[in-house]
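A.B. asks: Numbering (UniProt numbering), first residue to last: 1 to 59. For glycine and all other residues, C-beta sits at the position ideal for the given N, C-alpha and C. Take this structure first; my questions come after.
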Amino acid sequence: MSEELTAKNSLKKNINFWFNECGLSKSEVINEVINWKNFAYTLKELEEAKNEAIRELRN
């Protein structure tokens, strides 16, 4: 079973990588999220995914 290809899922995988493989702190991951780009998705999808991820990370 494959995951749906969405900006949100792509960003979640990056967040896991930044935490688990790179050992970044929460504030460093938030900075990575802010600067994250992926040309496979529209700007609207990217911004929605970023905003949701940042909200979750700050809670």
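Below 8 Å, how does it come out for the segment 38 to 45 and the segment 4 to 11: are there three or more Cβ pairs, yes or no?
C.D. replies: Touching, per the Cβ criterion.
A.B. asks: Taking only runs that begin and end inside the segment 8 to 43, name each unbroken alpha helix (DSSP H) of 4 or more residues, in chain order.
C.D. replies: For the segment 8 to 43, whole alpha helix (DSSP H) runs of length 4 or above, ordered along the chain, are 26 to 35.
A.B. asks: Considering only residues of the same chain and omitting the five flanking positions on each side of ALA49, which have a CB-CB separation below 7 Å?
C.D. replies: Position 49 of the sequence shown holds residue 49. Cβ neighbours of ALA49 beyond the five flanking positions: ALA7, LYS8 and LEU11.
A.B. asks: Check whether chain C comes within 8 Å of ILE30, counting only Cβ atoms and requiring the distance to be less than that.
C.D. replies: In summary, chain C is missing from the structure at hand, where a single protein chain is found.
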